[in-house]
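Let me begin by presenting the structure, written as structure tokens, before commenting on it.
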């Protein structure tokens, strides 16, 4: 999907073509770089291809596509290069999804495949794998490469440097602890054999009176020389044993480059004069430094920059020089280099005069991720003129000078005059930002601070940022000031009224603070509906920043009275170094020969080495086509017309598929359990992002261009978006279930207190790192198809592909190797894309591949259901709950999908862990014009628990009672029954609650928190202990079944197939352990190749936290059959006989060495309405202490992870 049709113009117009040719006629057209140690020369490079697309195109698929905008880090590679700023080789972690090929010339590209393999891993790869730092594994290659870059630049990093190395990498599965644990094994303390952590007397860096590092020749200490430390299980890390920087690149001559085609031309000047001449000849040329914004515009906004100039290799633009009154930096110095330079500048000028550089450093620390800072530049920040740039307010507050150069002149532009309008600057069309002069402060009387507020501390764009500066006289009169803000207007702006009011005022007078606050309200009178939203919050942030600044300056003034200073608001809240603890002994009592023991993920080393194959890593098929969806842009509208003629005129576009290509009208309908959704919209669309058609082309880029060219005309209709709007419009799906136990009306009449409230819970994006993807391969006979899909539900995929192709299911093979995360989002929603691609494959008789962009995936895949609950609680004075009545609504979106089962599970979990004798809860699904929401981890359970705990918090507050006390009073006891009348067997929540309180000294910490909060005005601490239970089983009875197939081969190796999919939860690992335990063989003897419908049929989706139980028991059943057949041979050959010997003997006796296993969950079968039957097989239980510790109780662990 793409925004709309753009006219493709020539790369250079006729007027400028001659002068450009004159300038660039002697420029070279061959890119030369090294890739994993091998020289590469490209003289036919595609100018529109990114480094990521190039790498994956040549088969290096370890580098992944996660977001295409530099936000997730899955595509991280290392580019080693000579840095003209530092005059050293620097190994830069970069986002391959943003990097243009032209930026590689003269550099060494290192990918995850280049540093090690699963057979011979790099120490980083090994430690992350063995330390359980990889689950789904899709993000892992990028994380490995970020760690690799860190160690190549600094072989003994500090704890903080290790932690910050990953600020540009996201992991959806692990929670980061095992990743950081593995990475911290390389930090300076842990890698030193003398460190206390490693049993030594203390590393020289740890000692308070240490005289320097032991590696230094001047270090003075009396201990034995330290040795590089590594645990016995890990490879030694040797910083010298790395891919060398190719010697040929040290002699590489950076020559100007010019290459491209009719659609796009790239130029790479290597001198400032070449750049100025080129810019003079073609002023509208797009200058590219790090491409951190431009590539996003190209990818997601369909911007067509036909003439681009890469300026990252112009050494003159990456220099700096110290002067008495300013520091001049090249406009294209990288933000990483600027970070280091800022710290050096503070040392050079001293803390007072160097305050501007301290402010710059502070803002850059949390500016995007390291990968972005390695390529981003200050000139790029200024030229793009983003109103929420973190750097621009600092430069504005300093009124720094932008030195703009063109062929004809050099002019100085003060920062206060630089920004003209939204994304518009004072820079002339033919000029470039050559350098920036940053003023230095006076010795005394000048103060500056910078602030930023975002939704999270690291790697996030600002909501509001600011840089505030004042210069005071000796008697504290404000002589000059600049109050610069970002996020408050279309540009970074000064607060002019507040600045005018502040000048000449006595800074220490409290009335000054009051006056400035009043003027700031006038400066920033944001109204409701302002772009970006959050008008009130943003205004309060602007005022809050000045309040902090005012008191920070007061605290630094010699004449200030400490009583006047609000010390609490001054200090920055910094996130501490991450830490966590895992109890490795808790599962020892349950260990058997194989199961119950700690084992790394069976594919962990492959994931860390980039060898693990995901759907889009499958090699291209012969005559393969790429699909791109045409998606609706309206939430509710009639389709008046769809015209795809322009798309078909694009070279490389092969075909167009829509509902008319289906075998019949009924084939267009899909959904589970209610078929109320269409693969293709027909006459009306009911949500933005609803598929209308698919364009097929010879490449993904051409398919995207084709989809943009499809013109759809709409007649908009009224739309419903929220739960409240749906309730008001009586817009519901037909599903209505309730659980009624006891007599709530009587309880409300007799109780001491009755309280009512509303609980709201928003949606949540799944954000699996691998977006939905599939490869559909039609076979030449009988309509057969092989379908590879990133799905949790191969059988449903098979069924709907069968439907849309009008072929029996026995001719459709649905396969899954592994998923890059699922979390419920691929339980049903993956079917939509696969079904459409199957239609396309059948029509064209060619393989069809599609991997959704992140924006397409979010638009089409749904999310966690938003919930609203209206509750009413009866409680007595002693805190005993008497009744709960609740109406629970979820936002199902435009179709029902799994919303019924989600709201059902919410109603069954609304009791939390509390005995409420009278309960009546009702669940409804709201029908809205939003994307159809779907399964998400917990599947309604967390929403039900949230409703319960929200009520508990409010009831406790109304009673004047501690909520943890209220929880204790009402907690279920063993063998009591829930509101759905299920007896609680193996009930451990009260015990875990007691244990976590005692071990964590909860009461002491609770007291400390209360005391702190009583004294603290601005900062508050929280402490919460939440007990939970979660029912294990599908609520749909028929889904609680599984099959398995186990083969034993001549050599004693064992192949297992089962119906579950591996998506990072370690399912295949646990299944191989079960088979190994059952058959009495080492785990290495057992292998699972893939999940496929031609090996195990009629499978349930991998969901409901039930897959280990269902598939594990099915495998055990199959192995039991095989053990029975092998029993005579074990008796004959003895207990030491290997499986190879047993299998060999059995084969020659014509014994079947294959077995089908089956399992169905016993004792369950709940009936809604009458409230009878057992709903769940058992409950997982947990007591979670927020941010501190958690204790879990599950069934006997198959694997201690």
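Numbering (full-length UniProt numbering), first residue to last: 1 to 1201. All C-beta atoms, glycine included, are put in the ideal place defined by N, C-alpha and C.
- Distance from the Cα of residue 831 is smallest, within the candidate group 1101, 1140, 501, 38, for 1101.
- Contact between the stretch 912 to 925 and the stretch 702 to 716 is absent, with fewer than three C-beta pairs closer than 8 angstroms.
- For residue 279, the CB contacts under 8 angstroms within the same chain, skipping 5 residues up- and downstream, are 285, 287, 309, 406, 407, 430, 431, 432 in chain order.
- Residue 567 holds the alpha-carbon nearest to the alpha-carbon of residue 1016 among 567, 78, 542.
- Straight through space, the alpha carbons of residue 614 and residue 1092 are spaced by roughly 15 angstroms.
- Residue state for residue 392 is assigned as helix, using DSSP reduced to three classes.
- Of the residues assessed, residue 345 falls on the buried side of the cut-off, its CB having 16 or more other CB atoms within 10 angstroms.
- For residue 266, the number of other beta carbons within 10 angstroms of its own is at least 16, and it is reported as buried.
- Where residue 381 is concerned, the enclosing alpha helix (DSSP H) starts and stops at 378 to 384.
- Taking C-beta atoms under 8 angstroms as the contact rule, residue 813 and residue 787 qualify, at a distance of about 7 angstroms.
- A distance below 6 angstroms between beta-carbons, with the five flanking residues on each side excluded, links residue 841 to the following residues of its chain, in chain order: 776, 778, 848.
- Taking 8 angstroms as the upper bound for CB-CB distance, residue 103 and residue 312 are in contact here, some 6 angstroms apart.
- By DSSP's assignment, residue 641 forms a beta bridge with 713.
- Annotation for residue 317: 330, 331, 332 place their beta carbon closer than 6 angstroms to its own, counting only its chain and skipping 5 residues before and after.
- For residue 880, there is no enclosing alpha helix (DSSP H), since its DSSP letter is neither H nor E.
- Between the alpha carbons of residue 189 and residue 88 lies a distance of about 26 angstroms.
- Within the same chain, and ignoring the five residues on either side of residue 702 in sequence, the residues whose Cβ sits closer than 8 angstroms to its Cβ are 626, 650, 651, 652, 653.
- Excluding the 5 residues flanking it on each side, residue 1107 has same chain C-beta neighbours closer than 7 angstroms at 1060, 1067, in chain order.
- In terms of CA proximity to residue 873, 954 leads the group 954, 816, 657.
- Cβ neighbours of residue 548 within its own chain (closer than 6 angstroms, five residues either side excluded): 569.
- Bridge pairing for residue 669: 678 [DSSP].
- Pairing residue 1028 with residue 912 gives a Cβ-Cβ distance under 9 angstroms.
- Comparing C-alpha distances from residue 367 to each of 269, 391, 382 shows the shortest one belongs to 391.
- Note that the C-beta distance between residue 71 and residue 142 is not below 9 angstroms.
- With contacts defined by Cβ atoms closer than 9 angstroms, residue 910 and residue 963 do not form a contacting pair.
- Residue 668 is classed as buried because its beta carbon has at least 16 other beta carbons within 10 Å across all chains shown.
- Listed in chain order, the alpha helix (DSSP H) elements of length 4 or more contained wholly in the stretch 747 to 813 are 794 to 805.
- Residue state for residue 1028 is assigned as strand, using DSSP reduced to three classes.
- Shown here, residue 62 sits in coil according to DSSP, grouped into three states, outside any helix or strand.
- Closest in C-alpha terms to residue 824, from the list 927, 1048, 1103, comes 1103.
- With distances taken between CA atoms, residue 845 lies nearest to 781 out of 781, 901, 865, 875.
- The beta carbons of residue 553 and residue 470 sit about 6 angstroms from each other, so the pair counts as a contact at 8 angstroms.
- If you ignore the 5 residues before and after residue 682, its C-beta comes within less than 8 angstroms of the C-beta of 639, 659, 668, all in its own chain and listed in chain order.
- Residue 975 sits exposed, since fewer than 16 C-beta atoms from the chains shown fall within 10 Å of its C-beta.
- When rounded, the separation of the alpha-carbon atoms in residue 468 and residue 324 is 23 angstroms.
- Note on geometry: alpha-carbon atoms of residue 1024 and residue 1160 lie some 39 angstroms from one another.
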